[in-house]
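Participant: Shown below is the structure under consideration.
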Amino acid sequence: MLRNVFRLGRCGSALLRSPSVSSRFLTDDMGWASMKEIHEKTKFSFPEIESLLVQFNRRRMNKESNNLNKEDLGRFLAPLGIEVSAENLEKYYASFDPNGDGVSFKELVSSLSTFLRGSPEEVAEIQFKTWDADNNEKLDREEFSALLKSINRSSLTSDDVEALGENLFAELDTDCNGTISLEEFKQGILKSRFLVPSQSFKKIAGLSASETDVLSLLGAQFTLKDGQRLQHSNDDRAFYYVAEGEIEVKYGGKQLLTIPAGEPSSFIGEVAIFSGDRNLYADAVAVGDTKLVSVKISDILPLVLHNHKGSCRILERLGGLLFARLKDIDQTL
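In my numbering, each residue's number is its place in the sequence shown (first place is 1) plus 743.
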């Protein structure tokens, strides 16, 4: 897989010099002017917008419509680490689709730009508006409690969050009128990190911001249970990142190496040897419940072709890790 990718050339001057937006992504509904407008109004580059458009079209089940329905939106948000319970999805759908005709690509990218690239205050504003059920520009206790539960990414239970919410509500309601205004809420996020949604892969030690953006934008999360093998079909053409837990690589029951989580060395690109086919070299086995992120090569290629720093750096890491691991395996065997 890596060999095929590297045929494109190094992520530098050797890459093909293509226009800012590839013509194969431009359609009657999404022409150059539309792409340019989205680029100017969001925090995404042209290559990132292209990759998002690929995913948008893939998750849009009704090909006769140019917009996402509620279920489509859920399939789009879940891999980004955004909680999509029935209640949350209802709220996000209403927030992403203010005119009620389905979520257009422009509406989706605009909202994601705030969620993934916005300042804490910008993220707070979109969360506030999403959970202001009666649109009176205030949060009452019930709305505030629902918001806290929706953004909880910790081990706190629902009851824990509700108890915490009582204290936070009293702290944020500075004028003691029984509601929280947008400005009070914005000030509150500076006092409590719990109020800021914990986006998956927002920061990973040792990785650049552009690399973590690739995982956030293009990655699909899944979990392997303790002892479960990572099964891969060569047709998938993907690489993986170990976000939590640990992967142990074994051959004939003998441990060859361990791949930790949350580090620059947590990428797995040599997936051809971790296949469901028992005749191949090795097994990649989860040690404890292990969360991984899968990124399809077809999704990352538009970024690579445009010399996106994060995508190119990830491919360089995959190549370096492949050779280092093969060397370690040779020494072990």
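All residues carry an ideal CB built from backbone N, CA and C; glycine is no exception.
1) If you run the structure through DSSP and keep just helix, strand and coil, what is THR955?
2) DSSP state of ILE990, grouped into three classes?
3) Applying the criterion that 16 or more other CB atoms from any shown protein chain within 10 Å of the CB defines a buried residue, is GLY921 buried or exposed?
4) Could you tell me the boundaries of the alpha helix (DSSP H) in which ASP883 lies?
5) Rounded to whole angstroms, how far is the Cβ of GLY949 from the Cβ of ALA1029, which I believe are closer than 8 Å?
6) Under the three-state reduction of DSSP, which class applies to LEU999: helix, strand or coil?
7) Please return the same chain residues whose Cβ sits closer than 7 Å to the Cβ of GLN998, not counting the five positions on each side in sequence.
8) Helix or strand or just coil, what does DSSP make of VAL1028?
9) Helix, strand or coil: how does DSSP classify GLY1005 here?
10) Taking the C-alpha atoms as reference points, what is the distance between SER1008 and GLU791?
11) With a threshold of 7 Å on Cβ separation, who are the neighbours of SER1054 within its own chain once the five nearest residues in sequence on each side are excluded?
12) Going by the beta-carbon positions, is the gap between LEU859 and TYR835 smaller than 8 Å?
13) What is the C-beta distance between SER838 and THR873, in whole angstroms, given that I count them as a contact (C-beta under 8 Å)?
14) Within 8 Å, do at least three Cβ pairs link the segment 837-857 to the segment 782-789?
15) Taking the alpha-carbon positions, what's the ILE1040 to ALA1067 distance?
16) Is ARG803 helix, strand or coil by DSSP?
17) DSSP puts TYR984 in a beta bridge; with which residues?
18) Please report the residue range of the beta strand (DSSP E) in which PHE965 lies.
19) Return the CA-CA distance between LYS993 and ASN1050, expressed in angstroms with no decimal places.
20) Residues bridged to VAL1047 by DSSP?
21) Considering only the alpha carbon of each residue, which of PRO1003, GLY1005, GLY1012, ASP1026 lies closest to GLY996?
22) Excluding the 5 residues preceding and the 5 following GLN798 in the sequence, name in chain order all residues of the same chain whose CB lies nearer than 6 Å to its CB.
23) Helix, strand or coil, according to DSSP, for SER924 in the structure here?
24) Quick one: grab the DSSP three-state call for LEU973.
25) If distances are taken between C-alpha atoms only, which option among ILE825, LYS968, GLU880, GLY1005 comes closest to GLU927?
26) What residue from GLY1062, GLU1006, LEU890 has the CA that sits closest to ILE947's CA?
27) By Cβ distance, which residues of its chain are closer than 6 Å to ASN831, with the 5 residues on each side in sequence left out?
28) Could you work out which residue in SER794, LYS1052, VAL866 is closest to VAL1038 when comparing CA atoms only?
29) Measure the alpha-carbon distance for PHE848 versus ASN809 and round it to whole angstroms.
30) Helix, strand or coil for VAL827 per DSSP?
31) Alpha carbon to alpha carbon, what distance is there between LEU911 and ASP883?
32) Please report how far the alpha carbon of ARG802 lies from the alpha carbon of ARG818, in whole angstroms.
33) Could you give the distance in angstroms between the alpha-carbon of VAL1036 and the alpha-carbon of GLN964?
34) Using the C-alpha atoms, what's the distance from ASN800 back to ALA867?
Facilitator: Let me spell this out:
1) Three-state result, THR955: helix.
2) In the structure shown, ILE990 sits in a strand (DSSP, three-state: E or B).
3) Answer is exposed; the Cβ neighbour count stays below 16.
4) Careful: ASP883 lies outside any alpha helix (DSSP H) and carries neither H nor E.
5) Not quite, the Cβ-Cβ distance comes to about 22 Å (not below 8 Å), so this is no contact.
6) LEU999: strand per DSSP, three-state reduction.
7) The answer, listed in chain order, is GLU991.
8) In this structure, VAL1028 counts as strand in the three-state DSSP scheme.
9) When DSSP states are grouped into helix, strand and coil, GLY1005 belongs to the coil group.
10) Near 24 Å, if we compare the C-alpha coordinates of GLU791 and SER1008.
11) Annotation for SER1054: VAL957, ILE1043, LEU1046, VAL1047 place their beta carbon closer than 7 Å to its own, counting only its chain and skipping 5 residues before and after.
12) Not closer than 8 Å, so no.
13) Contact between SER838 and THR873 holds: CB atoms are separated by about 4 Å, below the 8 Å threshold.
14) As far as the Cβ criterion goes, the segment 782-789 touches the segment 837-857, which means the pair count is three or higher.
15) Answer to the nearest angstrom: the Cα atoms are 22 Å apart.
16) Coil.
17) Paired residue(s): PHE1010, VAL1036.
18) Looking at the DSSP string, the run of the beta strand (DSSP E) that includes PHE965 is 963-967.
19) The straight-line gap from Cα to Cα measures roughly 35 Å.
20) Per DSSP, none; premise fails for VAL1047.
21) Out of PRO1003, GLY1005, GLY1012, ASP1026, ASP1026 has the C-alpha closest to the C-alpha of GLY996.
22) Correct list: empty, nothing qualifies.
23) SER924 falls in the strand class under three-state DSSP.
24) Three-state DSSP puts LEU973 in coil, outside helix and strand.
25) Residue GLU880 is the option with its Cα nearest to GLU927.
26) Residue nearest to ILE947 within the set GLY1062, GLU1006, LEU890 is GLU1006 (criterion: CA-CA distance).
27) Excluding residues within five positions, the ones whose Cβ falls inside 6 Å are SER893.
28) Measuring C-alpha to C-alpha distances from VAL1038 to each of SER794, LYS1052, VAL866 identifies SER794 as the nearest.
29) When rounded, the distance between both Cα atoms is 8 Å.
30) Reduced to three states, the DSSP call for VAL827 is coil.
31) Taking the straight line from one Cα to the other gives about 12 Å.
32) Going by the C-alpha atoms only, they are around 7 Å apart.
33) VAL1036 and GLN964 have their C-alpha atoms some 4 Å from each other.
34) Going from the Cα of ALA867 to the Cα of ASN800 covers about 29 Å.
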